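Here's the structure we're looking at; comments come further down.
Protein chains: 2
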Amino acid sequence: MERNLLCPRFEKAVEILSKRWTSLIVFQLLSGPQRFINIDQALPNLSGKVLSERLKELEHEGIVKRVVFPESPVRIEYSLTDKGLALAPIFGEITKWSQEWLPVQE
Amino acid sequence: MERNLLCPRFEKAVEILSKRWTSLIVFQLLSGPQRFINIDQALPNLSGKVLSERLKELEHEGIVKRVVFPESPVRIEYSLTDKGLALAPIFGEITKWSQEWLPVQE
DNA sequence: TTCACTTAGTTACTTTATGTAACTGATATT
DNA sequence: AATATCAGTTACATAAAGTAACTAAGTGAA
Chain R
20 MERNLLCPRF EKAVEILSKR WTSLIVFQLL SGPQRFINID QALPNLSGKV LSERLKELEH
80 EGIVKRVVFP ESPVRIEYSL TDKGLALAPI FGEITKWSQE WLPVQE
Chain X
20 MERNLLCPRF EKAVEILSKR WTSLIVFQLL SGPQRFINID QALPNLSGKV LSERLKELEH
80 EGIVKRVVFP ESPVRIEYSL TDKGLALAPI FGEITKWSQE WLPVQE
């Protein structure tokens, strides 16, 4: 009777990454810090509602940081923490796989 | 006005991998071909209904193959194709990240 | 000053996805 | 004949995501 062979840390990582939109938001932030509206516009079909939820979750996980610039009007920038930046190799492997195994035209 | 900077193949890969349960099912199959009930039992909280849906999707994507052994009773084995096996490095990177950045105890 | 616009969201409502549990049909075992 | 196993399916309930309109604080133009 084998029970839960799955490493809980691995499971947690998959849980984070496989939540809808999360990967694409992190990937978008890999290109540099940016504002809410910029992320929203870069990812078609992502609603402000879900983006707002995901950014809060990612902030809570310590993957994203939210910085308020008290300019006028106020500017809020989202960026990756070191923990978030460390996700880059995963996206590197996803890119490799997709280029080798997925058809160009769909 | 930048539009859809996202590579469609990368986007497709993320879409496949970030569907709930998909990654864990593929990861489970990395340990070798196995039967429906085995996958179901290895992943707590995964229902037969969703497993059945996911296996069909993965078969359709060419990531999983379903082989019927006409024994009695019939045995059905699910396994990864070459395309599916090629996902292994992605899980390798997820494992690395989770061990470096996620706490042991939660 | 009033009207319109931008940013960073939130709220209310609808549609879709997932979870739960019971069920099916073929074979095997007791 | 009754019970069990495997590989699912069906019906129903709950949770997540999509859609669109709205807010509040500030800016800019008329």
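Chains as they are written, first to last, in my numbering: chain R, 20 to 125; chain X, 20 to 125. For every residue, glycine included, the Cβ atom is placed at its ideal position computed from N, Cα and C. All values reported here derive from a predicted model rather than from experimental measurement.
Item	Value
Enumerate in chain order the residues of its own chain whose CB-to-CB distance from GLN47 of chain R is below 8 Å, with the five nearest sequence positions on each side excluded.	GLN53, ILE58, ALA61, LEU62
Does DSSP classify ALA32 of chain R as helix, strand or coil?	helix
Whole angstroms are fine: how far does the CA of PHE55 of chain R sit from the CA of LEU104 of chain R?	18 Å
Could you tell me whether the Cβ atoms of VAL33 of chain X and SER42 of chain R are closer together than 9 Å?	yes
Starting from the beta carbon of PRO52 of chain X, find every residue of chain R whose beta carbon is closer than 9 Å, and list them in chain order.	Result: empty, since nearest Cβ-Cβ is about 16 Å, beyond 9 Å.
Return the CA-CA distance between LEU25 of chain R and PRO122 of chain X, expressed in angstroms with no decimal places.	15 Å
Using DSSP's beta-bridge definition, name the partner residues of VAL86 of chain R.	R:GLU96
Could you tell me which chain X residues have their CB closer than 8 Å to the CB of VAL83 of chain R, listed as they occur along the chain?	Within chain X, no residue comes near VAL83 of chain R; the closest Cβ sits about 13 Å away, beyond 8 Å.
Determine the direct distance from the alpha carbon of THR100 of chain R to that of MET20 of chain X, and round the result to whole angstroms.	Any reading at MET20 of chain X must be qualified, since the residue scores a pLDDT of 34, below 50, and its modelled position is unreliable; the value itself is stated next. Each residue's Cα considered, the two are about 28 Å apart.
Starting from the beta carbon of PHE29 of chain R, find every residue of chain X whose beta carbon is closer than 7 Å, and list them in chain order.	ILE113, THR114, SER117
Measuring only between beta-carbons, confirm whether ARG73 of chain X sits less than 9 Å from chain R.	no
Give a yes or no on whether 9 Å exceeds the smallest Cβ distance from ILE109 of chain X to chain R.	yes
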